[in-house]
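Count the sequence shown with the working numbering and you get residues 547 to 697, in order.
No residue lacks a Cβ here, since even glycine has one placed at the ideal position from N, Cα and C.
Since the model is a prediction, treat every value here as computed from it, not as a measurement.
As structure tokens, the structure follows; a few thoughts come after it.
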Amino acid sequence: MKIEKLTVKDTVLVSTRAQFDHLPTTEDIYGMVNKLQSYIASENATATNYPMLNLIEVDKKQYNVMVGIPTNKLLKGKGDIELKRMVMGNILVGQFSGGMTRTLDAFYQMDRFKADFQFTTIAIPFAQLITDRSKEPDSTKWLSTICLPVL
């Protein structure tokens, strides 16, 4: 995976969180994505980029997941949907293909790159889900971008 340093473009988003006792499935993730998309539409707003996924493997029986979608305007949030803001600045970015196991590996690679080049993390890493996994069943065709905001 080739990693490069870019500038943060999406600074306003809405997000939701969940915990799973299994590696989250496509249905789990896109249930969260669809919930956010419905909320965005109900507020007469639009998504400005791909859904964002943060996945933390606490252990083999607990996975913490946060999904976010950048929007064209500030939204208040509702229930478990929250407003999030990202700081303008630098972001490390690398594109990869594959499913959830490959996503976890990409997060690990990004963490090693950050340590090797002594970047300081200023926000949680996330994967942008370029391919809509709910429409493409072959995980070898899934494209994603791993992103890590840094100083």
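Using DSSP bridges, identify the partner residues of residue 613.
-> As a position in the sequence shown, residue 613 is number 67, starting the count at 1. Under DSSP, residue 613 takes part in a beta bridge, and its partners are 562, 599.
Mark residue 683 as exposed unless 16 or more other C-beta atoms lie within 10 angstroms of its C-beta, in which case mark it buried.
-> Stepping through the sequence shown from its first residue, residue 683 is reached at position 137. Burial state of residue 683 is exposed, judged by a 10 Å Cβ sphere holding fewer than 16 other Cβ atoms.
Distance between residue 640 and residue 687 (C-alpha atoms, nearest Å) | Translated into positions along the sequence shown, residue 687 becomes position 141. Translated into positions along the sequence shown, residue 640 becomes position 94. Answer to the nearest angstrom: the Cα atoms are 16 Å apart.
Evaluate the contact criterion for the stretch 617-625 versus the stretch 584-592: three or more CB pairs, one atom per stretch, below 8 Å.
-> yes
Residue 551 - containing beta strand (DSSP E), residue span | Here residue 551 corresponds to residue number 5 of the sequence shown, with the count starting at 1. Unbroken beta strand (DSSP E) run through residue 551: 549-553.
Backbone CA spacing between residue 503 and residue 606 [nearest angstrom] = Residue 503 lies beyond the residue range present for the chain, which begins at 547 and ends at 697; the question has no answer from this structure.
Residue 619 versus residue 695: straight-line alpha-carbon distance, rounded = Taking the first residue of the sequence shown as position 1, residue 619 is located at position 73. Taking the first residue of the sequence shown as position 1, residue 695 is located at position 149. Those two C-alpha atoms are separated by around 21 Å.
Which whole runs of the beta strand (DSSP E) in the stretch 603-654 are 3 residues long or more, in chain order?
-> 608-616, 627-631, 636-643
CB-CB length for residue 562 against residue 613, believed under 8 Å = Your numbering for residue 562 matches position 16 in the sequence shown. Your numbering for residue 613 matches position 67 in the sequence shown. Indeed they touch by this definition, with Cβ atoms about 6 Å apart.
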